[in-house]
């Protein structure tokens, strides 16, 4: 059994890197270019088991998206994947319910291990 | 390097020094070795400039822009190194500038200079040029395998700018934290 992961990043390069890493073990991947795009797509994809999200994005950034998801009562775990490492930002994301924080450039094996923990294949 | 107030000169040199370090680190993370070098021509990258990405930043009493300039060969090499063969060069250069300034942000946080970042603006074309900075500005050039890149750091300091006395320790590139 597979699991759907939504990858949200304004960089196509990063979306493709994350998609390639997660498709290898068998995840289904849906891409979104920012928080607005993600909210629209999430509304129609109720089988999403994990969100991998950038922080700095146009229109709606990753922290704003976390706020929206928190307000909606979303139970989908979110891992932030970003160039940012500022403790206040990490704490803010955590307080909004994020389950993890990975600083770019990422190691694919770390990302896959994180996905396996939060959205195990076959569960 | 353009002259600035003697009071802020050490701060700007510190920022520029860290930028040179993180540029080498970033490309090493993609197994692309680069070395600091002299400008390839009297006009820097000159007519070879094909992509430029700029990201604004702002902190307490300081603001500016980081510009990453690349030749076409450089942008193609980075795209290949990052495994993004289907991606356009604009996207690649934008993301590398984002990662570069992200790393610099971490270094500056440790130095008591917290900054916030905007998103990258990237342009592509032949013989790109940019205007002169109104504040402090420094170009640095690097040589990779068969190509060059340039970074320009601009900074404008407010008269009351001061580094924070209790710097924070940020998460580093490659760190993965589960809560």
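Protein chains in written order, with the working numbering: chain C, 1 to 123; chain U, 1001 to 1179. We put the beta carbon where it would ideally sit given N, CA and C, even for glycine. Since we're looking at a predicted model, the values are computed, not measured.
Member of the options whose CA lies at the smallest distance from the CA of residue i
i                       : options                        : result
residue 1032 of chain U : U/1077, U/1154, U/1164, U/1115 : U/1077
residue 1049 of chain U : U/1151, U/1155, U/1161         : U/1151
residue 1087 of chain U : C/7, C/96, C/17                : C/17
residue 36 of chain C   : C/66, C/75, C/78               : C/66
residue 96 of chain C   : C/84, C/72, C/104, C/59        : C/72
residue 116 of chain C  : C/13, C/24, C/59               : C/24
residue 1158 of chain U : U/1134, U/1106, U/1072         : U/1134
residue 1027 of chain U : C/112, C/119, C/109, C/105     : C/105
residue 40 of chain C   : C/60, C/55, C/3, C/121         : C/60
residue 1057 of chain U : U/1143, U/1121, U/1089         : U/1121
residue 1136 of chain U : U/1066, U/1125, U/1091         : U/1066
residue 1012 of chain U : U/1108, U/1045, U/1046, U/1116 : U/1108
residue 76 of chain C   : C/22, C/91, C/111, C/53        : C/53
residue 1132 of chain U : U/1115, U/1114, U/1153         : U/1153
residue 51 of chain C   : C/57, C/32, C/87               : C/32
residue 1142 of chain U : U/1156, U/1047, U/1069         : U/1069
residue 1149 of chain U : U/1083, U/1174, U/1034, U/1008 : U/1034
residue 1117 of chain U : U/1008, U/1062, U/1165         : U/1062
Burial state of residue i, where buried means 16 or more other Cβ atoms lie within 10 Å
i                       : result
residue 1037 of chain U : exposed
residue 100 of chain C  : buried
residue 1094 of chain U : buried
residue 84 of chain C   : buried
residue 11 of chain C   : buried
residue 1021 of chain U : exposed
residue 1171 of chain U : buried
residue 48 of chain C   : buried
residue 1127 of chain U : exposed
residue 1103 of chain U : buried
residue 1146 of chain U : exposed
residue 82 of chain C   : buried
residue 26 of chain C   : exposed
residue 121 of chain C  : exposed
residue 111 of chain C  : buried
residue 1 of chain C    : exposed
residue 1106 of chain U : buried
residue 69 of chain C   : buried
residue 1080 of chain U : exposed
residue 43 of chain C   : exposed
residue 1071 of chain U : buried
residue 1092 of chain U : buried
residue 15 of chain C   : buried
residue 114 of chain C  : buried
residue 1017 of chain U : exposed
In DSSP terms, what residue i is bridged to
i                       : result
residue 1059 of chain U : U/1115
residue 1121 of chain U : U/1054
residue 53 of chain C   : C/8, C/80
residue 1035 of chain U : U/1143
residue 1066 of chain U : U/1055, U/1153
residue 1071 of chain U : U/1049
residue 1136 of chain U : U/1155
residue 1044 of chain U : U/1041
As assigned by DSSP and simplified to three states, the class of residue i
i                       : result
residue 23 of chain C   : helix
residue 1001 of chain U : Confidence at residue 1001 of chain U is low in this model, with a pLDDT of 47, below 50, so its placement is unreliable and no value can be given for it.
residue 1131 of chain U : coil
residue 1083 of chain U : coil
residue 29 of chain C   : strand
residue 100 of chain C  : strand
residue 122 of chain C  : coil
residue 114 of chain C  : helix
residue 48 of chain C   : strand
residue 59 of chain C   : coil
residue 1092 of chain U : helix
residue 1 of chain C    : coil
residue 105 of chain C  : coil
residue 1098 of chain U : helix
residue 41 of chain C   : helix
Under 8 Å from the C-beta of residue i: neighbouring residues of chain B
i                       : result
residue 1091 of chain U : No chain B is present in this structure, whose protein chains are C and U.
Task: Runs of beta strand (DSSP E) wholly within the stretch 62 to 91 of chain C (minimum 3 residues, chain order) - done: You should have 78 to 82.
- [ ] Please specify which runs of the beta strand (DSSP E), each continuous and at least 3 residues long, are wholly inside the stretch 1139 to 1179 of chain U, giving them in chain order.
- [x] Annotation: the stretch 1139 to 1179 of chain U contains the following complete segments of the beta strand (DSSP E) (minimum length 3 residues), in chain order: 1147 to 1157, 1176 to 1178.
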